[in-house]
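Worksheet: one structure, shown below.
2 protein chains.
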Amino acid sequence: MLQVGFIGLGIMGKPMALNLLRKGYSVTVHDISESKVAELVQAGASPGDCCAEIASRCDIIILMLPDGPDVEVAVLGSEGILEDANPGSVVVDMSSISPVISKKVGAACEVAGLDFLDAPVSGGQPRAADGTLAIMVGGKPHVFARVLPVLEALGSMVTLTGPIGAGNVTKLANQIMVACNIAAMGEALVLAARAGLDPAIVFHAVRGGLAGSNVLNAKAPMVLSRNFQPGFRISLHQKDLRNALSMAESMDVALPLTSLVQQALIVLTNQGKGNLDHSAIVMFTERMANLEVANALASV
Amino acid sequence: MLQVGFIGLGIMGKPMALNLLRKGYSVTVHDISESKVAELVQAGASPGDCCAEIASRCDIIILMLPDGPDVEVAVLGSEGILEDANPGSVVVDMSSISPVISKKVGAACEVAGLDFLDAPVSGGQPRAADGTLAIMVGGKPHVFARVLPVLEALGSMVTLTGPIGAGNVTKLANQIMVACNIAAMGEALVLAARAGLDPAIVFHAVRGGLAGSNVLNAKAPMVLSRNFQPGFRISLHQKDLRNALSMAESMDVALPLTSLVQQALIVLTNQGKGNLDHSAIVMFTERMANLEVANALASV
Chain U
22 MLQVGFIGLG IMGKPMALNL LRKGYSVTVH DISESKVAEL VQAGASPGDC
72 CAEIASRCDI IILMLPDGPD VEVAVLGSEG ILEDANPGSV VVDMSSISPV
122 ISKKVGAACE VAGLDFLDAP VSGGQPRAAD GTLAIMVGGK PHVFARVLPV
172 LEALGSMVTL TGPIGAGNVT KLANQIMVAC NIAAMGEALV LAARAGLDPA
222 IVFHAVRGGL AGSNVLNAKA PMVLSRNFQP GFRISLHQKD LRNALSMAES
272 MDVALPLTSL VQQALIVLTN QGKGNLDHSA IVMFTERMAN LEVANALASV
Chain D
22 MLQVGFIGLG IMGKPMALNL LRKGYSVTVH DISESKVAEL VQAGASPGDC
72 CAEIASRCDI IILMLPDGPD VEVAVLGSEG ILEDANPGSV VVDMSSISPV
122 ISKKVGAACE VAGLDFLDAP VSGGQPRAAD GTLAIMVGGK PHVFARVLPV
172 LEALGSMVTL TGPIGAGNVT KLANQIMVAC NIAAMGEALV LAARAGLDPA
222 IVFHAVRGGL AGSNVLNAKA PMVLSRNFQP GFRISLHQKD LRNALSMAES
272 MDVALPLTSL VQQALIVLTN QGKGNLDHSA IVMFTERMAN LEVANALASV
């Protein structure tokens, strides 16, 4: 029977591992938090003491970790996957990290006789729980085909986008558009609100036209109701844009809009807003204008 | 019988005036081009020699002109509307102009005993021809109610967004989001293409998620096929962002993303691209990276 390892049981990893159990997979789990491992064991998983132990027991080893350095430690470090993995097994890194690290870790896996996919996801905790994530995969087609049934237990839209690293490049492209679209919405709403308009009416007047977007539909209501419960945190989006800008620089690509929005994320994090939903990017424009769009009507 | 005047028979104005004729309105038209007037006369309109003559003969006077100074001349200038309008008639300015000029012209109309609405549109020539424009209106509710049947002959989504000027504020908010969303798409596609990914696959992988937008669906295919036939011209979007930035400055609002995209529009216009569709904003990022996203695969 196929043995699936799952390393990283955070906000995203835990519901994903639970979905694998529900679909009947034999799952061995590891996390630095013993209580999270215990929760999954109660749901039917086997515990693993370290990444190397997971690797020794599994055919497919999934990682869902915060950032690239965590992935490097889990794969390349002491008690890491490469210390005890079986040749022919597949490492599937579903963390959202720099494609540069994906390529480095993927190459090390291949030297050790393992296959590797980078497979970051989009959709957040609710879609992780539903098993309807969008999954953007980089790697070899035959490896993708082998892992596809497992990925389809986690997501409803699984796309092979290119070789190792391509999954994370696609995720960064996604995150660039999301962050900039939020920031643009902020500028539009601040202009309208300062001019005395009701931003809710402006939202409804423009959402059906070319300015309409999934960001506008999902995030304008959060801005108008001042509900910045994440969703997706400012601090994580800052990590993604840092990875995008670093990668772009390494390829001699300039991303002026992205770099500007990253400055907004840095300012907001410095002001203690790192744990708010990324829709709070609009606060950057609001603060420069000394105005909150939701309260603008009262102040006009 | 209600007499409708229509001043400005350009790419947008001509199909709009034709729609009014089709719906059975009695329409008197004026344009600086005599041949355009002749076309409309052939379709059933009456000709007017100047704006003042249109005003003297009409209850509702619609303007569809390129920019604010044109509207000032048509209303306030020699042989302008105010020279010969009948008290109680309504001036409906459907041009996309600065809200500052809307307020100035609207105030002058009210002093002369006329009502005024600013009612810019979104949707471009195809929706002007279909009579399915989005129309964003500023003015008094009872004036809006009086003109609404005429506006509904031109558009399928007509929204009163606030007092005089609010229509153009809403249009500027719309144009900010459209321009920034296009620019963000450009940065995302350039990053992905330079990294060796097929931008068409990236487009399909992300369009269903939070990065999805009407801009992405409408404009990514144009970028990938290098079809920059307007649509909506770079030069007109530059005018809109100029008006947005000027208005924002007058209200002590800073719009850093908008100002950055405006620099891209200025550069492209200086390079002779002003008549291309605004999806060509991506060329700004492409040129900085010395890459075309559609040809990137060949060059990797």
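Taken in order, these protein sequences are the chains called U and D.
Quick note on numbering: the first sequence equals residues 22 to 321 in the numbering used here.
Quick note on numbering: the second sequence equals residues 22 to 321 in the numbering used here.
The beta carbon of each residue, even a glycine, is placed where N, CA and C say it ideally should be.
Note that the coordinates shown come from a computational prediction; the quantities given were computed from them, not determined experimentally.
Problem set entry | Cα-Cα separation between L30 (chain U) and V58 (chain U), rounded to whole angstroms | 7 Å
Problem set entry | Three-pair Cβ contact test at 8 Å for the region 228–237 of chain U versus the region 222–240 of chain D | yes
For this session: Just the chain D side, please: which residues come within less than 8 Å of H225 (chain U) by C-beta, in chain order?
Result: T180
Exercise. Rounded to a whole number of angstroms, what is the C-alpha to C-alpha distance between V321 (chain U) and L210 (chain U)?
Worked result: The predicted position of V321 (chain U) is uncertain, since its pLDDT is 41 and thus under 50; a value taken from the coordinates is nonetheless stated next. The straight-line gap from Cα to Cα measures roughly 14 Å.
Exercise. What first and last residue would you give for the alpha helix (DSSP H) that runs through V299 (chain U)?
Worked result: Correcting the residue type first, residue 299 (chain U) is His in the shown sequence and not Val. No alpha helix (DSSP H) holds H299 (chain U); DSSP gives it neither H nor E.
For this session: Closer than 8 Å by beta-carbon distance: list the chain D residues that pair up with I75 (chain U), in chain order.
Result: In chain order: nothing, as chain D lies at least about 29 Å away.
Problem set entry | In chain order, each alpha helix (DSSP H) run of at least 4 residues that lies wholly inside the region 61–130 of chain D | 72–78, 89–97 and 102–105
Exercise. Any C-beta of chain D sitting closer than 8 Å to the C-beta of V236 (chain U)?
Worked result: yes
Problem set entry | Distance CB(G160 (chain U))-CB(S119 (chain U)) smaller than 8 Å | no
Problem set entry | Continuous alpha helix (DSSP H) stretch holding V288 (chain U): start and end | P277 to N291
For this session: Note down the Cα distance separating L281 (chain D) from Q259 (chain D), rounded to an integer number of angstroms.
Result: 12 Å
Exercise. Helix, strand or coil: how does DSSP classify V142 (chain U) here?
Worked result: strand
Problem set entry | For D80 (chain U) and G26 (chain U), the rounded distance between their alpha carbons | 8 Å
Exercise. What in chain D is Cβ-close to S119 (chain U), meaning under 9 Å?
Worked result: The premise fails here: S119 (chain U) is roughly 11 Å from chain D at the closest Cβ pair, so nothing lies under 9 Å.
Exercise. Should R247 (chain U) go down as buried or exposed, given a rule of 16 or more other Cβ atoms within 10 Å for buried?
Worked result: exposed
Exercise. Just to confirm, are A226 (chain U) and T180 (chain D) a CB contact at a threshold of 8 Å?
Worked result: yes
Exercise. How about A301 (chain D): is its C-beta nearer than 8 Å to some C-beta of chain U?
Worked result: no
Exercise. With 16 other CB atoms within 10 Å as the buried threshold, where does I156 (chain U) fall?
Worked result: buried
Problem set entry | For R24 (chain D): DSSP bridge partner residues | Looking at the sequence itself, residue 24 (chain D) is Gln, so the reference to Arg does not match. Bridge partners of Q24 (chain D): D:S47.
Exercise. Within 10 angstroms of its Cβ, does L84 (chain D) collect 16 or more other Cβ (buried), or is it exposed?
Worked result: buried
Exercise. Cβ-heavy atom distance between V282 (chain D) and the ligand FMN below 7 Å?
Worked result: What this structure holds is no ligand at all, so the ligand FMN is not there to describe.
Problem set entry | CB contact flag (M206 (chain U), V303 (chain U), <8 Å) | yes
For this session: Would you kindly check if the distance between the Cβ of L278 (chain U) and the Cβ of A322 (chain D) is under 8 Å?
Result: Past the boundaries of the shown model lies residue 322 (chain D); chain D is included only from 22 to 321, so the question cannot be answered.
Exercise. Is M268 (chain D) helix, strand or coil by DSSP?
Worked result: helix
For this session: Identify whether D219 (chain U) lies in helix, strand or coil by the three-state DSSP scheme.
Result: coil
Exercise. Where does D136 (chain D) sit, in a helix, a strand or coil, going by DSSP?
Worked result: strand
Exercise. When DSSP labels each residue in this structure, what does I32 (chain U) get in the three-state scheme?
Worked result: coil
Exercise. Taking the continuous alpha helix (DSSP H) assigned at L172 (chain U), which residues delimit it?
Worked result: P162 to E173
Exercise. Among U:C72, U:Q283, U:P251 and U:A214, which has the Cα closest to the Cα of N202 (chain U)?
Worked result: U:Q283
For this session: With distances taken Cα to Cα, identify the nearest neighbour of V199 (chain D) among D:G144, D:L245 and D:L169.
Result: D:G144
Exercise. Helix or strand or just coil, what does DSSP make of V274 (chain D)?
Worked result: coil
Exercise. What are the residues of the region 278–290 of chain U that lie near chain D, defined by any Cβ-Cβ distance shorter than 9 Å?
Worked result: L278, T279, L281, V282, Q284 and A285
Exercise. Hey, S54 (chain D) and V92 (chain D): beta-carbon distance below 8 Å or not?
Worked result: no
For this session: Give a yes or no on whether the minimum CB-CB distance between V25 (chain D) and chain U is below 8 Å.
Result: no
Exercise. What residues from chain D crowd round G152 (chain U), counting only those whose CB sits closer than 8 Å?
Worked result: The premise fails here: G152 (chain U) is roughly 15 Å from chain D at the closest Cβ pair, so nothing lies under 8 Å.
For this session: Since I believe H299 (chain D) is in contact with R254 (chain D) (beta carbons under 8 Å), could you give me their beta-carbon distance rounded to a whole number of angstroms?
Result: 7 Å
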